[in-house]
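Let me begin by presenting the structure, written as structure tokens, before commenting on it.
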Ligand code: FES
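Numbering (the working numbering), first residue to last: 2 to 349.
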């Protein structure tokens, strides 16, 4: 049985390949027609040097000039030598185009359109070749808007990679192409095309407590992460706390889904807040009012944040003011109803 290896490129594209236990990642890439950078193929030149985000492997044979012990200890690796012991996520230091590949295109059929509230719609798709679609929990795809001349929007999966159907959460924006489609025309049976997956915002191995922060429909990728944790086969090794902030009560969706995860996922807790002063919510205001140094475990914590740019900046400023630096700060900024290219994922 082969392992799944996710190759993440500098342009945000991720491609998944299958790598046998005795096969090098470079050979598996070559078989999949993905030309990752290679020269000596012998562990001597360092041309293929990449970074392993997660997973375990045998690093193979190489010389210090290609990869130092210090680099290997920090997670750098040589795909021409390494063989997997588990599924892997690698960061390849070049673009997908340079490797003669690009985001994959998938076709699907709409199976459900859920008008959760006047401001938020969910859409669920049955992908024609589900087995060919791999993604990491938290990643997004560019979805073509049916009935338009090639318009597309970026949406993060709200479902986990192991679920047969894939779903997305869409914020309804007056006049927006996808919003207009979803509120006026969408129905089960419609055909949809999307490309991806994309992005560096995805759940890493849970090596320490995690704080998940969602703004509005930024909840979607965090739901995908929770689904992954809930179906991992063993309980999370560390506590996970989620804070979900929205503008008005109408924007609140999936609270019952979060409650369901809290019931089945040991160590998972959550709270929500609404900025609108007229809200019925117990917590009024912003997520920054709901966490301090304790929730950041005094820095021994990985933060995952998905929300609009103003929220990302507010959270950054709040963490800086607390004087507590989390071990990792992964974030995804989005701007509703703008072109796919405006959804920017990053991390530090
Ligand atoms: Fe030379 Fe991998 S290609 S070290």
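Glycine residues also receive a C-beta, built at the ideal position from the N, C-alpha and C atoms.
Remember, it's a predicted structure, so these values are computed and weren't measured experimentally.
Taking DSSP as the reference, what is the three-state secondary structure of residue i?
i: residue 131; result: helix
i: residue 72; result: helix
i: residue 12; result: coil
i: residue 23; result: coil
i: residue 48; result: coil
i: residue 251; result: helix
i: residue 216; result: strand
i: residue 60; result: coil
i: residue 150; result: coil
i: residue 1; result: Only positions 2 to 349 of the chain appear in this structure, which leaves residue 1 out of reach.
i: residue 113; result: strand
i: residue 283; result: coil
i: residue 172; result: strand
i: residue 204; result: coil
i: residue 298; result: helix
i: residue 30; result: helix
i: residue 54; result: strand
i: residue 184; result: helix
i: residue 78; result: strand
i: residue 307; result: strand
Which residues in the same chain have their Cβ closer than 7 Å to the Cβ of residue i, if we skip the five residues on either side of it in sequence?
i: residue 292; result: 212 and 244
i: residue 82; result: 25, 44, 60, 61, 62 and 63
i: residue 339; result: Low confidence applies to residue 339: its pLDDT is 41, below 50, so where it sits in the model is not reliable, and the reading given next is rough at best. Excluding sequence neighbours, residue 339 sits near nothing in its chain.
i: residue 281; result: 250
i: residue 127; result: 109, 110, 112 and 166
i: residue 47; result: 66, 67 and 68
i: residue 33; result: 18
i: residue 206; result: 55
i: residue 296; result: 212 and 242
i: residue 341; result: A caution first: residue 341 carries a pLDDT of 37, below 50, which makes its placement in the model unreliable, though a value can still be read off. 143, 153, 154 and 155, listed in sequence order.
Tell me whether residue i counts as near the ligand FES, meaning its Cβ is closer than 7 Å to at least one heavy atom of that ligand.
i: residue 65; result: no
i: residue 92; result: no
i: residue 89; result: no
i: residue 61; result: no
i: residue 34; result: no
i: residue 208; result: no
i: residue 48; result: yes
i: residue 3; result: no
i: residue 20; result: no
i: residue 45; result: yes
i: residue 28; result: no
i: residue 295; result: no
i: residue 81; result: yes
i: residue 1; result: Examination of residue 1 is not possible in this model, given that the chain is present from 2 through 349 alone.
i: residue 39; result: yes
i: residue 16; result: no
i: residue 166; result: no
i: residue 186; result: no
i: residue 42; result: yes
Skipping 5 residues on each side, what residues in its chain have a beta carbon closer than 6 Å to that of residue i?
i: residue 301; result: 209
i: residue 305; result: 213 and 331
i: residue 86; result: 57 and 58
i: residue 88; result: 4, 5 and 56
i: residue 29; result: 18 and 20
i: residue 2; result: none
i: residue 40; result: 46 and 48
Using only alpha-carbon positions, find the residue among the options that is nearest to residue i.
i: residue 107; options: 252, 263 and 129; result: 129
i: residue 22; options: 61, 112 and 48; result: 61
i: residue 165; options: 135, 276, 150 and 261; result: 135
i: residue 258; options: 46, 160 and 298; result: 160
i: residue 272; options: 286, 279 and 265; result: 286
i: residue 189; options: 265, 32 and 115; result: 115
i: residue 153; options: 105, 194, 140 and 42; result: 194
i: residue 11; options: 299, 224, 247 and 38; result: 38
i: residue 120; options: 333, 184 and 197; result: 184
i: residue 80; options: 8, 206, 324 and 333; result: 8
i: residue 168; options: 146, 182, 150 and 141; result: 141
i: residue 261; options: 252, 248 and 224; result: 224
i: residue 133; options: 236, 15 and 314; result: 15
i: residue 276; options: 248, 187 and 125; result: 248
What first and last residue would you give for the alpha helix (DSSP H) that runs through residue i?
i: residue 320; result: 310-323
i: residue 287; result: Counting along the chain, residue 287 falls outside any alpha helix (DSSP H), and DSSP gives it neither H nor E.
i: residue 180; result: 178-181
Got a sec? Which residues, its chain only, sit under 8 Å from residue i by beta carbon, not counting five neighbours each side?
i: residue 13; result: 199, 200, 201 and 346
i: residue 229; result: 138, 161, 162, 163 and 204
i: residue 220; result: 159, 170, 245, 254, 255 and 307
i: residue 72; result: 50
Tell me where the beta strand (DSSP E) around residue i begins and ends.
i: residue 228; result: Counting along the chain, residue 228 falls outside any beta strand (DSSP E), though it belongs to the alpha helix (DSSP H) covering 220-231.
i: residue 153; result: 153-157
i: residue 261; result: Run containing residue 261: none in the beta strand (DSSP E); it sits in the alpha helix (DSSP H), 256-265.
i: residue 277; result: Segment: none, residue 277 is in no beta strand (DSSP E) and carries neither H nor E.
i: residue 161; result: First-last for residue 161: undefined, no H or E at that position.
i: residue 145; result: 141-145
i: residue 354; result: What the structure shows of the chain is the stretch from 2 to 349, and residue 354 is not part of that stretch, so it cannot be assessed.
Of all Cβ atoms in chain C, is any one closer than 8 Å to the Cβ of residue i?
i: residue 311; result: The structure shown contains no chain C; it is built from a single protein chain.
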